[in-house]
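A short write-up of the structure that comes next.
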Amino acid sequence: MNKQSRQAWTIFGLTAPAYFWLTITVLLPLTAMLYFSFLTATPIGGKEASFTLKHYIGFFEKHIYRYNAWRSIQLGLFVTSICLMLAYPAALGLAKVIKGRWREAIFLLIILPFWSNALVRTFSWTMVLREPFDILYTYPAIVIGLVHAYLPYAILTIYVSLQSIDDSLIEASRSLGATRWQAFYRIMLPLSMPGVLAGIFLIFVPVIGSFMEPRILGGKQAIMLGPIIESQFTALNNWPLGAALSFIMLAIVLIILGISTPLIKPYLEKSS
Amino acid sequence: MSRFVLTRRSTLAAMGSAAALGLMGRQSRAAGEIKVLNWQGYGTDEKWALEMFEKQTGIKVVHDYFNSEQEMLTKLRTSPGAYDVVLINNIYVMDAANEGLIQPIDTAKVANFADLAPSMRDSDRFVKEGKHYAVAWVWGLTSFAYNTEKVSERPDSMMALWDSKFAGKVGMRDDALEAIQIAALATGQDMNNPADMGKVKEALLALKPQIATFWSSEDEWNKHIAAGDYDIAVYWSGSAARSKKAMNLPVEFVVPKEGAIGWFDGLTVAAGAPNPDGALAFINFMVDPTFYVPWDTNVGAPASANGKANAALPEDAMNRTVLGDPEVVKRVQWMAPLSDEQKQANQELWDEVKTSFVQ
Chain A
1 MNKQSRQAWT IFGLTAPAYF WLTITVLLPL TAMLYFSFLT ATPIGGKEAS
51 FTLKHYIGFF EKHIYRYNAW RSIQLGLFVT SICLMLAYPA ALGLAKVIKG
101 RWREAIFLLI ILPFWSNALV RTFSWTMVLR EPFDILYTYP AIVIGLVHAY
151 LPYAILTIYV SLQSIDDSLI EASRSLGATR WQAFYRIMLP LSMPGVLAGI
201 FLIFVPVIGS FMEPRILGGK QAIMLGPIIE SQFTALNNWP LGAALSFIML
251 AIVLIILGIS TPLIKPYLEK SS
Chain B
1001 MSRFVLTRRS TLAAMGSAAA LGLMGRQSRA AGEIKVLNWQ GYGTDEKWAL
1051 EMFEKQTGIK VVHDYFNSEQ EMLTKLRTSP GAYDVVLINN IYVMDAANEG
1101 LIQPIDTAKV ANFADLAPSM RDSDRFVKEG KHYAVAWVWG LTSFAYNTEK
1151 VSERPDSMMA LWDSKFAGKV GMRDDALEAI QIAALATGQD MNNPADMGKV
1201 KEALLALKPQ IATFWSSEDE WNKHIAAGDY DIAVYWSGSA ARSKKAMNLP
1251 VEFVVPKEGA IGWFDGLTVA AGAPNPDGAL AFINFMVDPT FYVPWDTNVG
1301 APASANGKAN AALPEDAMNR TVLGDPEVVK RVQWMAPLSD EQKQANQELW
1351 DEVKTSFVQ
């Protein structure tokens, strides 16, 4: 065995378990769901099911699904932007200003919420939002709950990309006459773009499919695509429609990402 | 799992030999353990009751819970032989029986069977080809309750939910069927088959300024009343009794003149139940006054299907005064099973209504 093929085997050996795991846990269930989305009925409990496109057509024919898909996307944009606005300064401070032990301590504080159950955290928000703020069961309540849940993702991804920026680049730009603002805007921001984008993808996608936070915090405002999909699965046993709506959502996300890629690309290339 | 099977098998073997030796009485033949599948906090898991039952029969009761009818059916489908007693709402019993998830009941082994109200006991929701597949357990109504501290005059019409003096103070459950049936009753229609769905939708859309927020559990309902979010809210009779008694909330349940939504639940024996005799002993205990009277008096419960159990309640008990009134029972419309298509249409209508609430 030559060196090259040994290396190939090593890579295979190291990555195969992960890919095997992903195939079984992600790809198989998703494929089953894709199959269900073309059926007339949920094929469990001895029900007859045949091929149909009606669930996909229904999305375009019925106002409620289109309107609520838009509500979900709107929520995704809202939550993602607020997360980025809060996370960037926090990550910047953490990566460039705070040093040593303090950094570890603050890092721990950011990760800490992950150690408790998401449902428990959401329910604990119901108390806070009711008592001093009196905004429980409103749209802002949903946004607050979701920002709280996803903010750490943005901080962590942005922090990682900011930390990898060599400080001497900033010093060089300053010594060449750039103002602080110029150094940030021309050097730091473009170089941290990969982290920002990773944060966007990590937040936007789960938020538009979220159903727990709207259900618990949103009251009358909870209606959007996530909760509609959830009720198809849990209340109606209509897996096909639930699956079809999920895949339409996935398609919308892919289209949004597809459109935004050309806009983002220059940033990614600059940083590499 | 295999460990459980082994213990169960060895227990059975031990029981068999003991019985052969004539050492065990008739009562302990059903001894051992039974597993009950029910909503959490719905009677069968009252700790004092299980202690009482274990003392009487030597049977230990363990529980598993579901959060929706669908989840219950899924559990029965995916784990055959795991459960003995399963609580099933009347409209799902025939589905479960036709799918072979539950078994016919040997009614001779349920001593209290003769005392159950025939309208529920022998309903065609429970009986197939002359065989009973469920034992009628409890029944109740869905209409509304009001906060007696906020509302001085007792509303007697379902239209109170639409009354502008309660604008922004009405509670409702986020449930398509319940909302549609309430609106059908309010518009004077057959709630199981409303002739004019347009009227139902119009009525629901008109609730937009009325509704404070939706509730999704008894606990949430209680919190909304306590916090003053609701003056009047759609609710369940058994839960209203609990809110009043156990939570000391100032609420009163109303059966309006237009009628109310009636439901009844049955206790069934799962197909392949490991301990069918134990299951029947437990079901008999559940409809017995010795369990029902303390359950309703100390905790708060729906009305019992056993007339003798209801009659044994204290005189001021809601299940005796309100639900025990034959005039009230006449106004009740009993919930009928729905086809998947109807359920889907209901859900879509309700989603449309909810969407209009946020537009």
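Chains as they are written, first to last, in this note's numbering: chain A, 1 to 272; chain B, 1001 to 1359.
We treat Cβ as the ideally placed atom computed from N, Cα and C, and that holds for glycine.
A/Pro266 is classed as exposed because its beta carbon has fewer than 16 other beta carbons within 10 Å across all chains shown. Boundaries of the beta strand (DSSP E) around B/Phe1214: 1211-1215. Neighbours of A/Asn68 across chain B, judged by C-beta separation under 7 Å: Thr1355.
Counting C-beta atoms within 10 angstroms of its own C-beta, A/Thr42 has 16 or more neighbours from the protein chains shown and is therefore classed as buried. The criterion of a C-beta distance shorter than 8 Å is satisfied by B/Thr1268 and B/Ile1088. Annotation note: the region 143-206 of chain A contains the following uninterrupted alpha helix (DSSP H) runs of length 4 or greater, listed N- to C-terminal: 167-175, 180-183. Under the Cβ criterion of 8 Å, A/Gln74 is not counted among the residues facing chain B. If you check each beta-carbon in the region 220-231 of chain A against every beta-carbon of chain B, the ones closer than 8 Å belong to Lys220, Gln221, Ala222, Ile223, Ile228, Ser231. Interface annotation for the region 231-252 of chain A against chain B: Ser231, Thr234, Ala235, Leu236, Asn237, Asn238, criterion Cβ-Cβ distance under 7 Å. In this structure, B/Met1191 sits near B/Gln1181, with a CB-CB distance shorter than 8 Å. Counting other Cβ atoms within 10 Å of its Cβ, B/Asn1090 reaches 16 or more and is therefore classed as buried. Listed along the chain, the chain B residues whose CB falls inside 9 Å of the CB of A/Tyr137 are Ala1212, Thr1213, Phe1214, Asp1229. Looking at the DSSP output, B/Tyr1065 sits in a beta bridge with B/Asn1038.
For B/Leu1087, the three-state secondary structure derived from DSSP is strand. Note on A/Thr157: 16 or more other CB atoms within 10 angstroms of its CB, so buried under the neighbour-count rule.
About 24 Å separates the CB atoms of A/Val253 and A/Ile216; that is not less than 8 Å, and the two are not in contact. The beta strand (DSSP E) runs lying completely inside the region 1224-1300 of chain B and spanning 3 residues or more are 1232-1236, 1251-1254, 1260-1270, given in chain order.
Distance from the Cα of A/Lys220 is smallest, within the candidate group B/Glu1220, B/Asp1231, B/Ser1217, B/Lys1208, for B/Lys1208. Against A/Ile64, the close residues of chain B are Glu1348, Asp1351, Glu1352, Lys1354, Thr1355, in the order they occur along the chain (beta-carbon pairs closer than 9 Å). A/Phe59 and A/Leu241 have their C-alpha atoms spaced approximately 9 Å apart. A distance of 8 Å or more separates the beta carbons of B/Ile1102 and B/His1132. Distance from the CA of B/Asn1038 to the CA of B/Tyr1065, rounded to the nearest whole angstrom, comes to 5 Å. The region 1307-1355 of chain B is shown to contain whole beta strand (DSSP E) runs of 3 or more residues at 1332-1334, in chain order.
By the neighbour-count definition (other C-beta atoms within 10 Å, threshold 16), A/His63 is an exposed residue. Within the region 1112-1172 of chain B, complete beta strand (DSSP E) segments of at least 3 residues are found at 1135-1147, given in chain order. Using a Cβ distance threshold of 8 Å, B/Pro1155 and B/Val1254 count as a contacting pair. Taking 8 Å as the cut-off, the Cβ atoms of B/Val1170 and B/Ala1226 do not count as close. Residue pairing by DSSP leaves A/Phe233 without any beta bridge partner.
Between A/Ser37 and A/His55 the beta-carbon gap is near 6 Å, inside 8 Å, which marks them as a contact. Taking A/Asn68 as the centre and dropping the five residues before and after it, the same chain places the C-beta of Ile223, Met224, Leu225, Ile228 closer than 8 Å to its C-beta, in chain order. In the three-state reduction of the DSSP assignment, A/Ser210 falls in the coil class, being assigned neither a helical nor a strand state.
If the five residues before and after A/Ile264 are omitted, its C-beta is found closer than 8 Å to the C-beta atoms of Met193, Leu197, all from its own chain and listed in chain order. Counting only runs of at least 4 residues, the region 5-39 of chain A fully encloses the following alpha helix (DSSP H) elements, listed from N- to C-terminal order: 28-36.
If you draw a 10 Å sphere on the C-beta of A/Leu151, you find 16 or more other C-beta atoms in it, and that means buried. Per DSSP, the beta bridge partners of B/Ser1304 are B/Val1138.
Here B/Glu1033 is bridged, per DSSP, to B/Lys1060.
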